[in-house]
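Single-structure report; data block below.
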Amino acid sequence: MQNDDIVLSDVHLDENLSRIQENSNDDQCESENYVTRFKFKSSDRRCSVTNNDSVTNNDSVTVDGDGDLVLPRQDEDFNVILIKHSLSTKLDDVGRQVWPASLMLSDFILSNKDIFKCKVVIELGAGVGLCSIVVGMFCEKIICTDCLDSALDLSQANFILNTGLLAKAENNHAVLKLDWNKNLNDLVIFSQDITDAFFETIIHIININKKDQVDVFISLEKSAPKNVYVNVPVNRLNFTIEDKDIACPAYDHLTIWIQELCTLNCKYAPSHIFSCRKIDNIYQHFCYNRSDYLELWILEARRITS
1 MQNDDIVLSD VHLDENLSRI QENSNDDQCE SENYVTRFKF KSSDRRCSVT NNDSVTNNDS
61 VTVDGDGDLV LPRQDEDFNV ILIKHSLSTK LDDVGRQVWP ASLMLSDFIL SNKDIFKCKV
121 VIELGAGVGL CSIVVGMFCE KIICTDCLDS ALDLSQANFI LNTGLLAKAE NNHAVLKLDW
181 NKNLNDLVIF SQDITDAFFE TIIHIININK KDQVDVFISL EKSAPKNVYV NVPVNRLNFT
241 IEDKDIACPA YDHLTIWIQE LCTLNCKYAP SHIFSCRKID NIYQHFCYNR SDYLELWILE
301 ARRITS
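Each residue of the sequence shown is one higher than the last, beginning at 1 in UniProt numbering.
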């Protein structure tokens, strides 16, 4: 697959999602932006998008006479996040879309909000910032990072759209550019080098962090039906002659990294002990098609104390 090929996340194929196309005067923008209303279940009553009396109770995204978005009220059983994003994009720009792995990670955050309270969280490859906004509802501060400038612009716009959801109205978030490796595109689909850069970045953060424990949550999709590709770390299933079976080299490469980190006296972070486990049975708060290929892992790094 070539970098100029057009791809579309299967999240955006859901006909039940309500979205509106944004009017843009930017002639340089090759992908049109949309605003989609993502509904989710939450017992947190603070998750009300707005107190503005001008909003509506219906299930659609609307605009007022000036063309500005009208934010929806909280439904009886659902809350709402508004996300500005692109639909089909070139392969290099898939960070401008919403992907299933980000929705599943958001599900986990909503079910385990106490984990993130009073914590500083950094998201790598945040794309349009959906997970960052969800965790920003509970954490002390969220640092939303990506290497794609246009995705960072969308993230910043989405934080503004969802200010009412955040745990703190001010100084709760930062949107920053972080390029794991300047010689690599942040969203290379078939290269294992991006997995190396991903883990090297994680190790660097762990080594410079002064906390006794750092938890890393890795949400991924091993395969996507009908050649729909997913966000980094991306893992695609292939049929290999050598194995005479379906294989996923990128996924295997990721597990090799995890196994290496979890060995005693790990050379990459000798001052820490690592453990890793897959998280199953995650309650689904968001409405989307959760495939069997979606996975969530937690990598725990504990500092060795004398």
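Beta carbons: idealized from backbone N, C-alpha and C, even for Gly.
If you're wondering where the values come from, they're calculated on a predicted model, not measured in any experiment.
- C-alpha of residue 164 to C-alpha of residue 22: approximately 21 Å in a straight line.
- Within the stretch 111-189, the complete alpha helix (DSSP H) segments at least 4 residues long are 113-116, 130-136, 149-161, listed from N- to C-terminus.
- In this structure residue 129 is not in contact with residue 172, their Cβ atoms being roughly 13 Å apart against a cut-off of 8 Å.
- Taking C-beta atoms as the reference points, residue 282 and residue 4 fail to come closer than 9 Å.
- Residue environment for residue 222: buried (at least 16 other C-beta atoms within 10 angstroms of its C-beta).
- Per DSSP, residue 94 has no beta-bridge partner at all.
- Sequence-distant Cβ neighbours of residue 277 in its own chain, meaning closer than 8 Å and more than five residues away, are 297, 298.
- For residue 265, the secondary structure class from DSSP, reduced to helix, strand or coil, is coil.
- For residue 205, there is no enclosing beta strand (DSSP E); the residue is part of the alpha helix (DSSP H) that begins and ends at 193-208.
- Taking all protein chains shown into account, residue 16 has fewer than 16 neighbouring C-beta atoms within 10 Å of its C-beta and is therefore exposed.
- With a threshold of 16 other beta carbon atoms within 10 Å, residue 213 falls short and is exposed.
- The Cβ-Cβ distance between residue 144 and residue 174 falls below 9 Å.
- Excluding five sequence positions before and after residue 157, the CB atoms of its chain that fall closer than 8 Å to its own CB belong to 84, given in chain order.
- Taking the C-beta atoms as reference points, residue 301 is found nearer than 9 Å to residue 206.
- An exposed status is given to residue 120, since fewer than 16 other beta-carbon atoms sit within 10 Å of its beta-carbon.
- Where residue 296 is concerned, the enclosing beta strand (DSSP E) starts and stops at 294-303.
- With fewer than 16 other Cβ atoms inside 10 Å of its own Cβ, residue 289 counts as exposed.
- Residue 272: member of the beta strand (DSSP E) spanning 272-278, first to last residue.
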